[in-house]
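Asker:
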Amino acid sequence: MKRVLSGIRATGRLHLGNYLGAVKGMLELQENSDYETFYMVADLHTITVPYEVEVLRKNRREVIIDYLAAGLDPEKSVIFQQANVPEHVELGYLFSSITTIAKMQHLPTFKEKVKQHPEHATMALLNYPVLMAADILIYKAGLVPVGLDQEPHIEVAREIARRMNQDYGTDFPEPKRFATPGQYVPSLTGEGKMSKSVEGSYVNLTDSLEEIKSKIAKIPTDSGKGSEIVGGVKTLMEFVELFEGKEKRSSFEEQYRTSGVRYSEIKEQLSEAIFKELEPIQKRRAELEKDTEYVDRVIREGAEKARKVARETVKEVREKMGLV
Ligand code: TYM
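So the sequence shown is residues 9 to 332, counted in the numbering used here.
(1) Please state the DSSP three-state secondary structure of residue 86.
(2) Counting only beta-carbon atoms, is residue 115 nearer than 7 Å to chain B?
(3) Just to confirm the assignment, what range does the alpha helix (DSSP H) spanning residue 322 have?
(4) When DSSP labels each residue in this structure, what does residue 93 get in the three-state scheme?
(5) Does at least one heavy atom of the ligand TYM sit under 6 Å from the Cβ of residue 412?
(6) Could you say if the region 127-136 and the region 173-181 meet the contact criterion of at least three C-beta pairs nearer than 8 Å?
(7) Residue 206: beta carbon under 6 Å from a heavy atom of the ligand TYM?
(8) Could you give the residue range of the beta strand (DSSP E) that holds residue 201?
(9) Counting only runs of 3+ residues fully inside the region 207-238, write out the beta strand (DSSP E) ranges in chain order.
(10) Excluding the 5 residues preceding and the 5 following residue 93 in the sequence, name in chain order all residues of the same chain whose CB lies nearer than 7 Å to its CB.
(11) Less than 7 Å between the C-beta atoms of residue 213 and residue 43, yes or no?
(12) If you draw a straight line from the C-alpha of residue 96 to the C-alpha of residue 147, how long is it?
(13) What are the uninterrupted segments assigned as alpha helix (DSSP H) that are 4 or more residues long and contained completely in the region 12-65, given in chain order?
(14) Could you spell out the range, first to last residue, of the beta strand (DSSP E) harbouring residue 152?
(15) Is the beta carbon of residue 278 closer than 7 Å to that of residue 247?
(16) Beta-carbon separation of residue 12 and residue 156 under 7 Å?
(17) DSSP three-state label for residue 180, please.
(18) Does any heavy atom of the ligand TYM sit closer than 6 Å to the C-beta of residue 158?
(19) Over the uninterrupted alpha helix (DSSP H) stretch that includes residue 265, give me the two end residues.
(20) Quick check: what's the CA-CA separation for residue 162 versus residue 55?
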């Protein structure tokens, strides 16, 4: 059976970018019986930038709860925390022996993070894509549901797979990204993408209707009439398409070019549509928060299942690399 792997860092509550770009794809593949799905919390990737120990301890569990609330099902997917499968780190080390520093230094994601935390350009940060390749290839996953921003990392995983297969005769697949309609969710500020590190850019999955309304209301707009749809208006139209469909977007865009639109109505309807999708997730989350035992069991059993597969791959690679 073909395998799938994805992960999200433990940086706090998930936002609509994570949900539409990653989680929706994870759900779709979980429901497809052609695939065996592995979904983790990338807690080891979380420590590549400065963090607080107690906050991480909490968040690596919160993401598991978010996963379950969104519909990931431990009966259908292996749901686990990356740090509970130390084999990822071992395979990452083995992969680092065929990866050049120059290549890693030139990745846009590395440069961006160094700009954000200039005093924290660590080895772990440089190694981020190598560990990510290990996450994927340790399960020999051929498909990775992630947002567009992760494409350069998937490319590194493909290069590592090719190189390992050439040099050591392994049989790693060259993984591909599985894209969703929300593969690039724009920022509410009207510039760039929705991101946890940009205040005012995101809606969290746990936001109330009031919070959603107030955030959507802040998307910058114009007089409501014109010939070219750009900036915040374009962002608003993209959200309309994602939550209310293509036709609604086309009809608003047509109105924009002719009679003009009223943003207050569009924003009100959009906020309701977003909340309608999030409400059942929030209800399940409230239940899960009370069921500590169940969540603990999912975490424990997920690690056991993941380790079984991960151990096999590491054993094989150790042998092929002359370490046995
Ligand atoms: P992270 O935590 O930055 O993001 C998690 C997922 O959310 C997607 N995403 C978006 N998608 C669309 N529009 C947006 N505005 C948006 N913002 C975030 C990301 O593309 C990602 O899919 N490196 C990964 C974590 C990771 C991983 C892996 C993923 C570690 N190992 C192995 C897949 C396979 C990351 O930074 O996720």
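We treat Cβ as the ideally placed atom computed from N, Cα and C, and that holds for glycine.
Answerer: Checking against the coordinates, here is how it stands:
(1) strand
(2) The structure shown contains no chain B; it is built from a single protein chain.
(3) 300-328
(4) coil
(5) Nothing can be reported for residue 412: it is not among the residues displayed for the chain, which extend from 9 to 332.
(6) no
(7) no
(8) Run containing residue 201: none; DSSP gives neither H nor E here.
(9) none
(10) 311, 314, 315, 318
(11) no
(12) 10 Å
(13) 32-38, 51-54
(14) 151-153
(15) yes
(16) no
(17) coil
(18) yes
(19) 254-265
(20) 20 Å
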